[in-house]
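Visitor:
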Amino acid sequence: MALAPRLFAAAACGGAPTSAAPSPSKAQYTVKPNTTLRPGLGVTDCGTFTLAQGEQLPDQAARCFADEAGAGHRALLKLTRPTVEGAPIHVTYTSGDDGRTEVVTDSRADNFGPRTVTTEDCQGPKPGPYGIDFTSCVRVTK
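Under numbering that gives the first Met the number 0, think of the first position of the sequence shown as 0, with each following residue one higher.
#1: Is DSSP giving Ala-86 helix, strand or coil here?
#2: Which runs of the beta strand (DSSP E) fall wholly inside the region 56-134 and span at least 3 residues, in chain order?
#3: Assign Gly-41 to one of three DSSP states: helix, strand, or coil.
#4: Residues in the same chain with beta-carbon distance under 6 Å from Glu-119, minus the five sequence neighbours each way, listed in chain order, please.
#5: Buried or exposed, going by whether 16 or more other CB atoms sit within 10 Å of the CB of Pro-126?
#6: Taking His-89 as the reference, give the member of Pro-124, Asp-58, Thr-43 and Ala-51 with the closest Cα.
#7: Any idea what DSSP makes of Gly-53, helix, strand or coil?
#8: For the candidate residues Val-83, Arg-62 and Gly-69, whose alpha-carbon lies nearest to that of Thr-112?
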C-alpha cells in the first residue's frame, strides 16, 4: 500500500507513454512524493515543470493542483515557461488551507517585460493550458 502513492505520482505526471506513439510533451519536470497523509496535513507537491515554447502544462499536474487547492488542501506547483523571445518566466502556485492560492510570478529575466516579481491572492482554481486559471485574483503589494 505504501508504494501506491509513489506509483500514482509518477503516472499522474506523465511517466513513460504506454503506446509506441511519441509523447507530444517534452516538458522537463520533477515530481516529489505526495506528503499528504490525511486531509489538512502536509503539502501535496504537484511538480516542477519547465515548458518549451508553445508547450502546455501536463493536464495531470494542473488537475493535481486545482483539485487539492479546490478542496482546501495545501499544494504546490512550480512552472517555468518562456516568453515569445525565450526568456524564462517562473510561476509558483501555493494553496493554503483557507481556499486561497498565492501566485508568485517572476519576470525579472524578461528584458522586454516589466522585470518584476508579482504576488496575487487568487480563488477558484481550474486547470488551464499554460498553468492554473482562477475565477478571481487580487494583486498583493509586499
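Even for Gly, the Cβ is constructed at its ideal location relative to N, Cα and C. This structure is a prediction, so every number in the text was calculated from the model and none was measured.
Guide: Let me spell this out:
#1: coil
#2: 74-81, 87-94, 100-105 and 116-127
#3: coil
#4: Val-102, Cys-136 and Arg-138
#5: buried
#6: Ala-51
#7: coil
#8: Looking at the sequence itself, residue 112 is Gly, so the reference to Thr does not match. Residue Val-83 is the option with its Cα nearest to Gly-112.
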